[in-house]
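What follows is a single structure, written as structure tokens, with notes after it.
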Amino acid sequence: MKKAEFIQAVSEKAGLSKKDSQKAVDAALEAISDALVAGKEVSFIGFGTFSTATRAARKARVPGTDRVVDVAKTTAVKFKVGKKLKDVVAKA
Numbered sequence: 013m014k015k016a017e018f019i020q021a022v023s024e025k026a027g028l029s030k031k032d033s034q035k036a037v038d039a040a041l042e043a044i045s046d047a048l049v050a051g052k053e054v055s056f057i058g059f060g061t062f063s064t065a066t067r068a069a070r071k072a073r074v075p076g077t078d079r080v081v082d083v084a085k086t087t088a089v090k091f092k093v094g095k096k097l098k099d100v101v102a103k104a
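If you're matching positions, the sequence shown starts at 13 in this note's numbering and goes up one per residue.
Below, the structure is given as structure tokens:
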């Protein structure tokens, strides 16, 4: 499902115009992004939790060449699925 299809589905389920649905979806995604950048978790009970994890700097070997490269420290986004969502998807 692409973003436009998602906005259409939200519009139909919420009874909002597509324009209002797009504003709501964009605002929600921006709020989640801002919270993650600030180091906070975003949790929706039953749906899941968005969080970040810091991965330490390390050395990695390039396959086939045995060359060793330095991989910089990074911050990655994690998502832990909630029980309700897991159960709904498993029954589908």
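All residues carry an ideal CB built from backbone N, CA and C; glycine is no exception.
query, result
"Neighbour-count burial assignment, S29, 16 or more Cβ in a 10 Å radius", "exposed"
"Opening and closing residue of the beta strand (DSSP E) in which V81 lies", "80-83"
"Simplified DSSP assignment, three categories, for A104", "coil"
"Boundaries (first-last residue) of the beta strand (DSSP E) holding A65", "60-67"
"For A72, three-class secondary structure by DSSP", "strand"
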